[in-house]
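Undergrad: I am attaching a structure below and will ask some questions about it afterwards.
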Amino acid sequence: MSEITSIESVQKMLGAQDYVCSRALATVVFLSLRLGRPLFLEGEAGVGKTEIAKAIAAALGRKLIRLQCYEGLDAASAVYEWNFAEQMIAIRTAEASGGADRDSLKTELFTEEYLIERPLLQAMRPQDGGAPVLLIDELDRTDAPFEAFLLEALSDFQVTIPELGTIKAPEPPIVILTSNRTREVHDALKRRCLYHWVDYPEFEREIEILQARAPEASEALSREVVSFVQKLRTEDLFKKPGVAETIDWAKCLLALDVINLSPEVIADTIGAILKYQDDISKLQGSEAKRILDEVSATLEPV
Ligand SMILES: Nc1ncnc2c1ncn2[C@@H]1O[C@H](COP(=O)(O)OP(=O)(O)OP(=O)(O)O)[C@@H](O)[C@H]1O
Ligand SMILES: [Mg+2]
Numbered sequence: 000m001s002e003i004t005s006i007e008s009v010q011k012m013l014g015a016q017d018y019v020c021s022r023a024l025a026t027v028v029f030l031s032l033r034l035g036r037p038l039f040l041e042g043e044a045g046v047g048k049t050e051i052a053k054a055i056a057a058a059l060g061r062k063l064i065r066l067q068c069y070e071g072l073d074a075a076s077a078v079y080e081w082n083f084a085e086q087m088i089a090i091r092t093a094e095a096s097g098g099a100d101r102d103s104l105k106t107e108l109f110t111e112e113y114l115i116e117r118p119l120l121q122a123m124r125p126q127d128g129g130a131p132v133l134l135i136d137e138l139d140r141t142d143a144p145f146e147a148f149l150l151e152a153l154s155d156f157q158v159t160i161p162e163l164g165t166i167k168a169p170e171p172p173i174v175i176l177t178s179n180r181t182r183e184v185h186d187a188l189k190r191r192c193l194y195h196w197v198d199y200p201e202f203e204r205e206i207e208i209l210q211a212r213a214p215e216a217s218e219a220l221s222r223e224v225v226s227f228v229q230k231l232r233t234e235d236l237f238k239k240p241g242v243a244e245t246i247d248w249a250k251c252l253l254a255l256d257v258i259n260l261s262p263e264v265i266a267d268t269i270g271a272i273l274k275y276q277d278d279i280s281k282l283q284g285s286e287a288k289r290i291l292d293e294v295s296a297t298l299e300p301v
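Numbering (numbering that gives the first Met the number 0), first residue to last: 0 to 301.
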């Protein structure tokens, strides 16, 4: 991690992975790497929260281990499970080969051979190239008991398996947590982390992202697309389009050889940016044209 000497070096390192990073975001990433503190990223959908973990792992040459959260996620699925099927086979084989001694079988069955390592345990294991990046994605989808469990796991980076003992990370992983804020994550967990709200990028930065991710798009089309999407975000919509949608839309337009936006083109491709029928119907008729006219008026010809 010797290349991480400044905030600019973080921007440069992520830029090399085609990840465009504001100074504020680069600052928390820098601090998180320097201080070894988990990074908690909250923000709207599709603004690059998950992607930054991938970019950091790729840039540092570390393994990325992802724990995708969901409702009902429990410690067993997050840390480890015993491979019951394999254990059963071992028991049957021992029985078939004659008198299995219960005690020796027990010690034999609860060894690493029968352990299924889930992301949190994997993240405690030493890896080639250094400690891995542990991405705990969409934390807001889990429940409070799991959060409490995480709090403990993240404070000492060790896992205790009754049959095997305690496994401790030789070097703590680089931890990135994300949330879409469908509910508030508990203060105690947030306090352990450096926090950053990932906002929609401003105009020039979104153009830069588009150039990095869809370089085939002409400057004129990019400016139109970004302006239109940015304008849409100010409208009263159920689900505002993220950066991911901007990129998708530009790629769709390129595939259709579109050079300039028109109300017809927008109507045909609207499914790339809006994913709810109510939002789409709001944009039908003269609405798309109104927004497009407003956008065209603000864009200077390039
Ligand atoms: N700053 C950025 N630089 C480069 N690409 C970006 C950036 N932000 C977003 N993207 C692009 O947008 C896509 C979606 O980003 P990502 O999946 O990280 O969003 P997210 O914030 O995790 O969304 P969700 O909350 O829906 O999971 C990425 O695949 C990436 O191509
Ligand atoms: Mg994500």
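In this text, a Cβ means the ideal position worked out from N, Cα and C, and glycines have one as well. These numbers come from a predicted model, not from an experiment.
So, with DSSP's three-state summary, where would you put residue 113?
TA: Residue state, collapsed to three classes: helix.
Undergrad: Just to confirm before moving on: does the CB-CB distance between residue 126 and residue 62 stay below 7 angstroms?
TA: Closer than 7 angstroms, so yes.
Undergrad: For residue 83, count the other beta carbons within 10 Å of its own beta carbon; 16 or more makes it buried, fewer makes it exposed. Which is it?
TA: Burial call: exposed.
Undergrad: Kindly give me the distance between the Cβ atoms of residue 204 and residue 139, rounded to whole angstroms, as I take these residues to be in contact under 8 angstroms.
TA: 25 angstroms between Cβ atoms; not a contact.
Undergrad: In angstroms, rounded to a whole number, what distance separates the CA positions of residue 159 and residue 145?
TA: Their backbone Cα atoms lie some 16 angstroms apart in a straight line.
Undergrad: CA-CA distance, residue 286 and residue 246?
TA: Their Cα atoms are separated by approximately 22 angstroms.
Undergrad: Measure the CB-CB distance between residue 66 and residue 118 and report whether it falls below 7 angstroms.
TA: Going by C-beta atoms, residue 66 is nearer than 7 angstroms to residue 118.
Undergrad: Using the Cα positions of residue 51 and residue 128, report the straight-line distance between them to the nearest angstrom.
TA: C-alpha separation (whole angstroms): 19 angstroms.
Undergrad: Please go through the same chain and pick out, in chain order, the residues whose beta-carbon is closer than 6 angstroms to the beta-carbon of residue 131, but skip the five residues on each side of it.
TA: The answer, listed in chain order, is 61, 62, 64, 122, 172.
Undergrad: Sorry if obvious, but does the Cβ on residue 294 come closer than 6 angstroms to a heavy atom of ligand 4?
TA: Ligand 4 is not part of the structure shown, which contains ligand 1 and ligand 2 as its ligands.
Undergrad: Within 10 angstroms of its Cβ, does residue 18 collect 16 or more other Cβ (buried), or is it exposed?
TA: Flag for residue 18 reads buried.
Undergrad: Do the stretch 268-281 and the stretch 229-242 meet, that is, are 3 or more Cβ pairs less than 8 angstroms apart?
TA: Segments in contact, yes.
Undergrad: Any heavy atom of ligand 1 within a distance shorter than 6 angstroms of the CB on residue 225?
TA: Outside the cutoff, so no.
Undergrad: Under DSSP, the alpha helix (DSSP H) around residue 190 begins and ends at which residues?
TA: Element bounds for residue 190: 186-190.
Undergrad: With a Cβ-Cβ cutoff of 7 angstroms, do residue 223 and residue 260 count as a contact?
TA: A contact, by the Cβ cut-off of 7 angstroms.
Undergrad: Do you know whose CA, among 163, 216, 253, 143, lies nearest residue 187's CA?
TA: Ranking the options by Cα distance to residue 187, first place goes to 143.
Undergrad: Does the beta-carbon of residue 88 have 16 or more other beta-carbons within 10 angstroms, so that it is buried, or is it exposed?
TA: Looking at its Cβ environment, which holds fewer than 16 other Cβ atoms inside 10 Å, residue 88 is exposed.
Undergrad: Helix, strand or coil for residue 62, going by three-state DSSP, please let me know.
TA: Residue state, collapsed to three classes: coil.
Undergrad: What do you get for residue 241, buried or exposed, if any count of 16 or more other CB atoms within 10 angstroms of its CB means buried?
TA: Classification of residue 241: buried, given that the 10 Å Cβ count is 16 or more.
Undergrad: Between residue 58 and residue 13, which are expected to be in contact by the criterion C-beta below 8 angstroms, what is the C-beta distance as a whole number of angstroms?
TA: Going by Cβ atoms, the distance from residue 58 to residue 13 rounds to 6 angstroms, so yes, they are a contact pair.
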